[in-house]
Amino acid sequence: MTAVPNEPFLSVAVRCFVVGAVGTAVVNAVWWLMAGGPMPPWASLVTSMVVMAAAGRVAAYRRERAWRRVIAAYELPSFGADGGDTPGRPPAV
Numbered sequence: 491m492t493a494v495p496n497e498p499f500l501s502v503a504v505r506c507f508v509v510g511a512v513g514t515a516v517v518n519a520v521w522w523l524m525a526g527g528p529m530p531p532w533a534s535l536v537t538s539m540v541v542m543a544a545a546g547r548v549a550a551y552r553r554e555r556a557w558r559r560v561i562a563a564y565e566l567p568s569f570g571a572d573g574g575d576t577p578g579r580p581p582a583v
């Protein structure tokens, strides 16, 4: 999942839903192999909610980190400390 600072909410929600569904399918498959039978429906729902919440939290963290990089970029000088890196421009006095 890549973080885009202005990604629409619906896109994030759909992605979290898909991650929850795939995570639940994986847990169901492991349960089926280990226990020899299907997972109870309530456990499947709880698993999907936990995986979906974790995916949402990861997406929120990545979005926050992307915005912090954008804000930090505004605090950096554009052409070096005093603009002296610009070709053909004399250093600042």
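Using this note's numbering, the letters of the sequence shown map in sequence onto residues 491 to 583.
Where is the CB? At the ideal position from N, CA and C, for every residue including glycine.
Owing to the predicted nature of the structure, the values given are computational and were not obtained by experimental measurement.
Under the three-state reduction of DSSP, which class applies to residue i: helix, strand or coil?
{"i": "proline 498", "result": "coil"}
{"i": "proline 528", "result": "coil"}
Using a Cβ-Cβ cutoff of less than 7 Å, which residues in the same chain neighbour residue i once the five nearest sequence positions on both sides are dropped?
{"i": "tryptophan 521", "result": "Met529"}
Assuming residue i contacts residue j (C-beta within less than 8 Å), just tell me the rounded distance between them.
{"i": "alanine 556", "j": "cysteine 506", "result": "Contact flag wrong, Cβ pair sits at about 17 Å."}
{"i": "glycine 513", "j": "valine 541", "result": "3 Å"}
{"i": "asparagine 518", "j": "serine 501", "result": "That pair is no contact at about 26 Å."}
Taking 8 Å as the limit between beta carbons, can you name the residues of its chain near residue i, skipping five residues before and five after?
{"i": "alanine 511", "result": "Ser538"}
Nearest-angstrom Cα distance between residue i and residue j?
{"i": "valine 560", "j": "alanine 550", "result": "15 Å"}
{"i": "arginine 552", "j": "tyrosine 564", "result": "19 Å"}
{"i": "glycine 526", "j": "alanine 543", "result": "28 Å"}
{"i": "proline 498", "j": "valine 504", "result": "10 Å"}
{"i": "leucine 523", "j": "valine 516", "result": "11 Å"}
{"i": "arginine 558", "j": "arginine 547", "result": "16 Å"}
CB-CB under 6 Å to residue i, same chain, minus the five flanking residues each way: which ones, in chain order?
{"i": "valine 509", "result": "Ala545"}
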